[in-house]
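A.B. asks:
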Amino acid sequence: MGADAYAGSRNNKLPKVPAWMRSNGLTDDDWAVITQYISVLEPLKEATKRLEARGKASRFGAMYEVIPVFEAVLVVYEQLLKNYDSVNYNASGAPE
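Sequential numbering from 1 applies to the sequence shown in the UniProt record's numbering.
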């Protein structure tokens, strides 16, 4: 029994939330998009970890690492972008 059905059976008022929150969950297409977002955001997560503080000895990330980390992230994004060079974004079902 879903949360809405349970609330209805107990005569509780349903909370005001967007319709997509009341759906039966995420579709396969939704999960595919989420997976793509994760792959796009992962390099930024790794870069952040690499540049953050290094413990008590030095409280901040090393300045000399900024450019190499930036270049590494740029290389990853350029490679990801190549996958979409031939995409017709006006076509039905094109990537978002």
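Backbone N, C-alpha and C fix where the C-beta goes; we use that ideal spot for every residue, glycine too.
1. Give the DSSP-derived three-state secondary structure of E93 in the structure shown.
2. Please report the distance separating the alpha-carbon of L26 from that of L51.
3. State the DSSP-derived secondary structure class of L51, mapped to helix, strand or coil.
4. I believe L80 touches V33 by the beta-carbon criterion, under 8 Å. Please report the beta-carbon distance rounded to the nearest angstrom.
5. Do the stretch 83-90 and the stretch 63-74 meet, that is, are 3 or more Cβ pairs less than 8 Å apart?
6. Measuring CA to CA, which of T35, D30, V73 is closest to S48?
C.D. replies: The structure says:
1. Here residue 93 refers to the residue found at position 93 when the sequence shown is read from its first residue. The sequence given here places Gly at residue 93; Glu does not occur at that position. Correct three-state label for G93: coil.
2. Here residue 26 refers to the residue found at position 26 of the sequence shown. Here residue 51 refers to the residue found at position 51 of the sequence shown. L26 and L51: Cα-Cα distance of roughly 34 Å.
3. On the sequence shown, position 51 is the one that residue 51 refers to. Of the three classes helix, strand and coil, the one that applies to L51 here is helix, per DSSP.
4. Within the sequence shown, numbered from 1, the residue matching residue 80 stands at position 80. Within the sequence shown, numbered from 1, the residue matching residue 33 stands at position 33. No, L80 and V33 are not in contact; Cβ-Cβ is about 14 Å, not under 8 Å.
5. Taking a cut-off of 8 Å on C-beta distances, the stretch 83-90 does not touch the stretch 63-74, as fewer than three cross pairs fall below it.
6. Here residue 48 refers to the residue found at position 48 when the sequence shown is read from its first residue. In the sequence as displayed, the identity of residue 48 is Thr instead of Ser. Here the closest residue by C-alpha is V73.
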